[in-house]
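Here the sequence shown stands for residues 1 to 313, where the numbers follow the UniProt record's numbering.
Even for Gly, the Cβ is constructed at its ideal location relative to N, Cα and C.
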Amino acid sequence: MENKFVDSLNDILKFKKHNSTYLSERKYDDLLVHLKELKESKKTKTPNDYKLIKKYDILKVRDVERLVVPTNGGDRIRFYVKNEELFHILHEAHLSIGHGGRSRMEHVLNSKYKNITRETIMLYLGSCEFCQKKSSTSKNRLEVKHSAPEEKNSRCCEIGVIDMQTQPDGNYKFILVYQDHLTKFVNLRPLTHQRAHGEVACALLDIFTIFGAPTILQSDNGGKFANEVIEELWNTWKDLKMILKKPRHSQSQGSVEHDSQEVKLMLGTWLQNNKTKKWSEGLKLVQLMKNRSFHRGIKCSPYEAMFVSKPKI
Numbered sequence: 001m002e003n004k005f006v007d008s009l010n011d012i013l014k015f016k017k018h019n020s021t022y023l024s025e026r027k028y029d030d031l032l033v034h035l036k037e038l039k040e041s042k043k044t045k046t047p048n049d050y051k052l053i054k055k056y057d058i059l060k061v062r063d064v065e066r067l068v069v070p071t072n073g074g075d076r077i078r079f080y081v082k083n084e085e086l087f088h089i090l091h092e093a094h095l096s097i098g099h100g101g102r103s104r105m106e107h108v109l110n111s112k113y114k115n116i117t118r119e120t121i122m123l124y125l126g127s128c129e130f131c132q133k134k135s136s137t138s139k140n141r142l143e144v145k146h147s148a149p150e151e152k153n154s155r156c157c158e159i160g161v162i163d164m165q166t167q168p169d170g171n172y173k174f175i176l177v178y179q180d181h182l183t184k185f186v187n188l189r190p191l192t193h194q195r196a197h198g199e200v201a202c203a204l205l206d207i208f209t210i211f212g213a214p215t216i217l218q219s220d221n222g223g224k225f226a227n228e229v230i231e232e233l234w235n236t237w238k239d240l241k242m243i244l245k246k247p248r249h250s251q252s253q254g255s256v257e258h259d260s261q262e263v264k265l266m267l268g269t270w271l272q273n274n275k276t277k278k279w280s281e282g283l284k285l286v287q288l289m290k291n292r293s294f295h296r297g298i299k300c301s302p303y304e305a306m307f308v309s310k311p312k313i
């Protein structure tokens, strides 16, 4: 995979001008030397010299000098990277968001690096065999759209269940997925049984007492079972005011299904990276990974939409 990316990158670099955003190791080091000379020299500087000083600064990180974007006070530090570093930076970012696509990678990388372009990201995604297989299997799948509830001033959430029976973790064989339609924020809980309404109700009660209960709960897991879950919740929480509805539109019905597919991909990546089969231990981390990923529909991450701040990690 790395060799494929490097070969494709080298093919592109043949047609790039000298002043492109790509920085070879030699060009990077030459810039460092030249920039230090400009900062230390008392000679009259040329317009090009001032242009370089405005564009680049030097920051020492663990005794290594790095090119960064000049900052003013509390600005976030953004690094310039060498061509030779690109693959490993892209690969790490890609895995951290569970094989997320271009928009999510741009959101993660642009906050840390200055000269990683969309072209480079697309080049990397084209070399990821896992993503290519995923793309081919979902080629004919309709894009999922989230529909807001029609009732004014109502809050709608949806539940779904991921079947993990082929990868049981002790007694855990299922995952409850609970999504808030407005913020796209997802909560994940391990389950031992898919149809144990008492267990599902207990997991939902835990979520409701932290985030508040919705006025509308959508579920496509069967009307009888969903009603039993609601009854169980009412038995415990007498003042709970909530109605159950089945998603009216196929797009809405696929909302949690789409999230479930992403959760399985992210969980699979976490299991592979941590060399374990205990997915219940990684569920909270995958939940954070999912919620801090940029969402095109709301133009921010679900975490930011829910808490009006970025997660502190």
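Quiz item: According to the Cβ coordinates, are residue 316 and S103 closer than 8 Å?
Solution: This structure does not reach residue 316, given that the chain is present from 1 up to 313, and the question cannot be answered.
Quiz item: Exposed or buried, what is T44 when buried is set at 16 or more other beta-carbons lying within 10 Å of its beta-carbon?
Solution: By the neighbour-count rule (16 or more Cβ atoms within 10 Å), T44 is not buried but exposed.
Quiz prompt | Alpha-carbon spacing of S301 relative to A93, whole angstroms | solution = 16 Å
Quiz item: If we ignore side chains and look at the alpha-carbon of each, how far apart do L265 and G98 end up?
Solution: 6 Å
Quiz prompt | Selection from G198, I159 and K39 that minimises the alpha carbon distance to E231 | solution = It is G198.
Quiz item: For I89, which residues of its own chain have a beta-carbon under 8 Å away from its beta-carbon, when the five flanking residues on both sides are left out?
Solution: V81, L109, Y113 and I116
Self-check item: C-alpha distance - G73 paired with V308, whole-angstrom precision
Solution: Their Cα atoms are separated by approximately 23 Å.
Quiz item: Which residue's Cα is closest to the Cα of F130: E119, M105, G100 and R118?
Solution: G100
Exercise. Report the partner residues of S288 according to the DSSP bridge assignment.
Key: Checking the sequence shown, residue 288 turns out to be Leu, not Ser. Beta bridge pairing from DSSP links L288 with no other residue.
Quiz item: Quick one: what does DSSP say V200 is sitting in, helix, strand or coil?
Solution: helix
Practice problem: Look up N187 in the DSSP assignment and say whether it is helix, strand or coil. | Solution: N187 falls in the strand class under three-state DSSP.
Quiz item: Can the beta-carbon of D57 be found less than 8 Å from the beta-carbon of V64?
Solution: The Cβ-Cβ distance between D57 and V64 does not fall below 8 Å.
Practice problem: Following the continuous beta strand (DSSP E) through V161, name the residue where it begins and the one where it ends. | Solution: C156 to D163
Exercise. Mind checking who Q179 pairs with in its DSSP beta bridge?
Key: E158 and V186
Practice problem: Could you round the C-beta distance between Y178 and L204 to whole angstroms and report it? I think they count as a contact, below 8 Å. | Solution: Taking a contact as a CB-CB distance under 8 Å, the pair Y178 and L204 counts as one, their CB atoms being some 7 Å apart.
Practice problem: Sort out for me which residues DSSP pairs V61 with in a bridge. | Solution: V64
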